[in-house]
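Peer 1: My questions all concern the structure below.
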Amino acid sequence: ETLDFYDWKKLSEDIAKKFSVNKDDEKCTWNDVKVVEVRKENKYSLFYKTSYKDEHFKEVDTRKKSRKSAKELVLKEAYTEAPPISDNKKKDLLSLCSANLIPKAHH
Numbered sequence: 121e122t123l124d125f126y127d128w129k130k131l132s133e134d135i136a137k138k139f140s141v142n143k144d145d146e147k148c149t150w151n152d153v154k155v156v157e158v159r160k161e162n163k164y165s166l167f168y169k170t171s172y173k174d175e176h177f178k179e180v181d182t183r184k185k186s187r188k189s190a191k192e193l194v195l196k197e198a199y200t201e202a203p204p205i206s207d208n209k210k211k212d213l214l215s216l217c218s219a220n221l222i223p224k225a226h227h
């Protein structure tokens with residue numbers, strides 16, 4: 121059954137869009153960020169540097185409005201049907217079940 125599997129990657133991409141542009145309207149590529157700072161006096165902002173040599177931090181407002189509001193963010197199921205497994209994997213799993221190496225409750 122696949123109902124317990126959710127597409128967290130899609131949700132994180134939707135959320136991350138809110139943080140993709142800094143206060144100077146520059147694109148923020150989080151893979152390039154070297155230093156992140158959180159300041160008590162600016163609890164709704166993240167400050168970052170893309171180089172250790174940068175003197176000043178750039179700021180991203182975490183409250184910035186995006187196209188989707190928090191109410192529109194939906195956690196979707198990862199699969200509409202059970203993903204297939206290879207014949208070899210199925211054979212191996214069945215042999216583990218037959219040898220009672222996998223408890224019967226999980227068959």
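According to my numbering, the sequence shown holds residues 121 to 227 in order.
Backbone N, C-alpha and C fix where the C-beta goes; we use that ideal spot for every residue, glycine too.
Roughly how many angstroms separate the alpha carbons of aspartate 134 and asparagine 220, rounded to a whole number?
Peer 2: Those two C-alpha atoms are separated by around 43 Å.
Peer 1: Note down the Cα distance separating lysine 147 from valine 194, rounded to an integer number of angstroms.
Peer 2: Distance between the alpha carbons of lysine 147 and valine 194 is about 25 Å.
Peer 1: For asparagine 208, which of helix, strand or coil comes out of DSSP?
Peer 2: Here asparagine 208 sits in helix by DSSP.
Peer 1: Tell me the residue span of the beta strand (DSSP E) that contains aspartate 181.
Peer 2: Segment 178 to 181, the beta strand (DSSP E) holding aspartate 181.
Peer 1: Can you give the beta carbon distance from glutamate 197 to aspartate 127, rounded, assuming they're within the 8 Å contact cut?
Peer 2: Contact holds; Cβ gap of about 7 Å.
Peer 1: What are the boundary residues of the beta strand (DSSP E) that serine 165 is part of?
Peer 2: It spans 162 to 169 - the beta strand (DSSP E) in which serine 165 sits, taken as one unbroken run.
Peer 1: So is valine 244 buried or exposed if we call it buried at 16+ other beta carbons inside 10 Å?
Peer 2: In the structure as shown, the chain starts at 121 and stops at 227, and residue 244 therefore has no counterpart that could be examined.
Peer 1: Under a three-way DSSP split, which group does glutamate 133 fall into?
Peer 2: Helix at glutamate 133.
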